[in-house]
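Be aware that the sequence shown starts at 50, since it is given in the numbering used here, and climbs by one per residue.
By construction, the Cβ of each residue, glycine as well, lies at the ideal position given by its N, Cα and C atoms.
Treat the numbers as computed from the prediction; the structure is a model and nothing was measured.
Here's the structure we're looking at; comments come further down.
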Amino acid sequence: MKIKTEFPHKIQTIKHIWIPMPDGCRLAARIWLPENAEQQPVPTILEYIPYRKNDGTALRDSLYHPYFAGHGYAAMRVDMRGSGDSEGVMLDEYLQQELDDAVSVITWLVEQSWCDGSVGMIGKSWGGFNSLEVAALQPPALKAIITVCSSDDRYSDDVHYKGGCVLSTDMLGWSTTMLAWNARPPDPAVLGESWRDRWLERLEQTPLMVQEWISHQHRDDYWKHGSICEDYSAVQCAVYAVGGWADPYSNAIPRMLSGLTCPRKALIGPWAHEYPQRALPGPQIGFVQECLRWWDYWLKNIENGIMEEPQLRAWMPDSIAPSTHYEERPGRWVAEEKWPPKNDESQTWYLNRNGLNQNVDTDKPMLFPTSQTVGLNAGVWFPMGAAGEFPGDQRSADSGSLCFTSEAFYEGMEILGNPEATVMLSADQTEGLLAARLCDIAPDGSSLLVSWGLLNLTHRNGHEKPEALDPGEKFTAKIQLNACAHALKSGHRWRLSLSSAYFPHAWPSSKLTKLKIFPGIDTYLNLPFRKIPQEDTQLADFLEPECSQPLSTEEIRTASRKRTLEHEVIEDCFTLTHRVDNGRFRFVEDGLETEDLSCDSLSLNEDKPLSLKVCCERTAGIGRGDWQTRVEASGTMTATSENFHVTSRLEVFEGDQRFFFRTWDFKVPREGV
């Protein structure tokens, strides 16, 4: 990535400023300004997240925000209430308090002498979520947002549930991460002698978020809050939605293009959960330059043609050998003038004993395998692009699934959108789940995962009111797979693989449910077949990635990661362990040191769905010179047929002395999950 040190405007940095909230709480912010902004006010770009401006995102912030300031914008990073150096306590994700604070920040911004009254918001993940949610509140100064790797639906597409199934890899894991991150102290260099009192106040009120999340197992008012899909019309400012096919939030982008009525545009690359100028797999693009085009049009009224371009631009990946890591995904950029596209069509493929066929064939019912460990090579749910995170060859998972494979295609085929399977089933229990995987089968037999989906079968008629299954009775279930793009190579085949479990992603049903599938006119796969439009050949290239000068750091401990699978043969127990050490480094400018370590372990006995145990550990260190702090958080989650059981522990140190300690131990009844 090219580092830029000279810009059209000289840059002034305000490292710390307090923003007062109506209730007296103060939020901490860092601002980058063009030097002449007091004389010539400029629009402001706001990023509002809980990940700590002084250390957590300081390096990342230095790549983008000064770049914006150097091109004539004020750029501001705000620590949300209860995070970083800000006062108060953060009790959960996306609470009304968080959104109200953001509106107050925007109100404060337009009152500043250097702001011309126009504001844009940008954010990835949490910041992408809340930029959508704040937009729905319609603060007058907010003219446009760029939402990256986010979702419009907090129940169906976030780290807690998918298809009504508990995400066993991330429900507890994300809660443990937030427990550790929330418990980090404010910086004494900013707060002075009051830092320790503020820290203790934060620790005493820090919640265990999983307790709330696992108590809302259906789509209720808790999840509807902050889900803009409940009322797309509330969002009236311009929206640029950005994501990647390897990111878990890709579904939201086509939904928002279809549902929003405001000016909107979307970009989907091959990327995992990262900003596109440094995301893997590549190719990376000049994303900050693309952002500037958006801001110039909506915040400065510069006619640059960005809104005359196709509404959706997406990467079309080619067939490739399966791997748990890619530096690049071969393919090409494609475009759709509008979404949903007018010229594309769905192709229907029927499931029967001969595979995937376009002719209906009524066969005898087929029984699903009952393996509980299908999915061991599914990769991580939340990939950042690191080694070992992507799904490997799916042949082992296919061997434990009911598979339907097409004949080879000799002209190739492109899909873009959400594949969807409709199946006629029966079950021998009152509950169960269905996992579906769409794979590209190469001539050598290797199986490349293209898309996948989950459905809690008690949610077959909706996520708000689960309905128990009638054992032995037939029912129809529709399962939508993740939005995807894929160019099937000549000589390759499609495969739809169905299973009644998907470890480690989906928490197993409480019983070993046996499913039957009934081939016929009610059992089929719809593929979003794409006709190649003229726009594909008329696309301008993206610019090469650029950034501003990154903060200088010194490495104290090298980062490392390890992902291992252990099989204990006597008990037939599989244990998947993922260890990440992000290293320890020091910011040269102020001597602040930071480290972050995690370990997630999931174990499950084959054919024993109640044996699943999830264990998560987190360590977060912050310090400078003689001042050193350490946070250790851990948790376990198990289940019986009646309850989920969670235990967690938080231990905090100043130097070698324990400063705070707390434990949690609770049970929550299972409600069909």
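Assuming residue i is part of the alpha helix (DSSP H), what are its boundary residues?
{"i": "C340", "result": "336-348"}
{"i": "A526", "result": "Element bounds for A526: not the alpha helix (DSSP H) but the beta strand (DSSP E), 524-529."}
{"i": "S111", "result": "107-119"}
{"i": "N231", "result": "220-231"}
{"i": "R444", "result": "444-448"}
Figure out for me which residue from the options has the closest Cα to the Cα of residue i.
{"i": "P379", "options": "S372, P366, T373", "result": "P366"}
{"i": "R635", "options": "Q677, A295, F591", "result": "Q677"}
{"i": "A229", "options": "W248, L216, G241", "result": "W248"}
{"i": "A124", "options": "V208, E691, T62, S420", "result": "T62"}
{"i": "D165", "options": "E87, G212, D202", "result": "E87"}
{"i": "P390", "options": "R304, V259, S650, H627", "result": "R304"}
{"i": "P718", "options": "S559, E136, Y116, T607", "result": "S559"}
{"i": "T156", "options": "G131, N179, P568, P188", "result": "P188"}
{"i": "T687", "options": "P515, F708, E700, K662", "result": "K662"}
{"i": "Y281", "options": "L316, G632, F715, L181", "result": "L181"}
{"i": "L659", "options": "M170, N692, K716", "result": "N692"}
{"i": "P83", "options": "D72, P69, I98, F117", "result": "F117"}
{"i": "A485", "options": "Y551, H541, S495", "result": "Y551"}
{"i": "V259", "options": "E720, F715, G721", "result": "F715"}
{"i": "G212", "options": "T607, N510, I619", "result": "N510"}
{"i": "N103", "options": "V383, P515, L641", "result": "L641"}
{"i": "V629", "options": "L614, V637, S609, D621", "result": "S609"}
{"i": "A77", "options": "L518, I98, V91, R612", "result": "I98"}
Beta strand (DSSP E) containing residue i: first to last residue?
{"i": "T54", "result": "Run containing T54: none; DSSP gives neither H nor E here."}
{"i": "I16", "result": "There is no way to answer for residue 16, as the model of the chain reaches only from 50 to 722."}
{"i": "W729", "result": "Outside the displayed span of the chain (50 to 722) sits residue 729, for which this structure offers no information."}
{"i": "I155", "result": "I155 -> not in any beta strand (DSSP E); alpha helix (DSSP H) instead, spanning 145-159."}
{"i": "R673", "result": "657-673"}
{"i": "R610", "result": "609-617"}
{"i": "M686", "result": "676-688"}
{"i": "E604", "result": "602-606"}
{"i": "W543", "result": "542-548"}
{"i": "W398", "result": "394-401"}
{"i": "F439", "result": "Segment: none, F439 is in no beta strand (DSSP E) and carries neither H nor E."}
{"i": "I351", "result": "Per DSSP, I351 belongs to no beta strand (DSSP E) and is neither H nor E."}
On the three-state DSSP scale, how would you describe residue i?
{"i": "G241", "result": "helix"}
{"i": "S174", "result": "coil"}
{"i": "L308", "result": "Correcting the residue type first, residue 308 is Gly in the shown sequence and not Leu. Three-state DSSP puts G308 in a helix."}
{"i": "L518", "result": "coil"}
{"i": "I94", "result": "strand"}
{"i": "Q583", "result": "helix"}
{"i": "N36", "result": "Absent from the model: residue 36. The displayed extent of the chain is 50 to 722, so no value can be given."}
{"i": "R247", "result": "helix"}
{"i": "E513", "result": "coil"}
{"i": "M356", "result": "helix"}
{"i": "I263", "result": "coil"}
{"i": "R635", "result": "strand"}
{"i": "R203", "result": "coil"}
{"i": "C74", "result": "coil"}
{"i": "C533", "result": "strand"}
{"i": "I369", "result": "coil"}
{"i": "L588", "result": "coil"}
{"i": "V736", "result": "The displayed coordinates of the chain run from 50 to 722. Any statement about residue 736 would go beyond what the structure contains."}
{"i": "L181", "result": "helix"}
{"i": "Q254", "result": "helix"}
{"i": "L186", "result": "helix"}
{"i": "A124", "result": "strand"}
{"i": "A283", "result": "helix"}
{"i": "I277", "result": "helix"}
{"i": "S495", "result": "coil"}
So what does residue i bridge to, in DSSP terms?
{"i": "R707", "result": "F702"}
{"i": "R384", "result": "Looking at the sequence shown, residue 384 is not Arg but Ala. According to DSSP, which records beta bridges pairwise, A384 is partnered with R362."}
{"i": "N505", "result": "L482"}
{"i": "L316", "result": "V291, R362"}
{"i": "A555", "result": "L216"}
How about residue i: is its Cβ closer than 7 angstroms to a heavy atom in the ligand ZN?
{"i": "C533", "result": "Only the bare structure without any ligand can be found here, which leaves the ligand ZN out of the picture."}
Cβ pair count under 8 angstroms reaching 3, the segment 398-409 against the segment 519-530: At 8 angstroms Cβ cutoff, the stretches do not touch.
Stretch-stretch touch, CB-based, cutoff 8 angstroms, three pairs: the segment 635-654 with the segment 664-677: With the cut-off at 8 angstroms, the segment 635-654 and the segment 664-677 touch.
Contact between the segment 200-209 and the segment 291-310 (3+ Cβ pairs under 8 angstroms): At 8 angstroms Cβ cutoff, the stretches touch.
Stretch pair the segment 218-235 + the segment 413-433: three plus CB contacts closer than 8 angstroms: Remark: three or more beta-carbon pairs, one from each stretch, lie closer than 8 angstroms, so the segment 218-235 and the segment 413-433 are flagged as touching.
At least 3 beta-carbon pairs within less than 8 angstroms: the segment 232-240 vs the segment 519-526: Judged by Cβ distances under 8 angstroms, the segment 232-240 makes no contact with the segment 519-526, as fewer than three pairs qualify.
The segment 326-342 / the segment 593-611 touching (three or more Cβ pairs under 8 angstroms): Three or more Cβ pairs closer than 8 angstroms define a contact, and the segment 326-342 meets that threshold against the segment 593-611.
Three-pair Cβ contact test at 8 angstroms for the segment 453-461 versus the segment 535-551: They touch, by the three-pair rule.
Segment contact flag, the segment 500-516 with the segment 331-345, C-beta cutoff 8 angstroms, min 3 pairs: In short, these stretches do not touch, since the Cβ pair count stays below three.
contact_flag[the segment 131-138, the segment 64-77] where n(CB pairs < 8 angstroms) is 3 or more: The segment 131-138 vs the segment 64-77: in contact.
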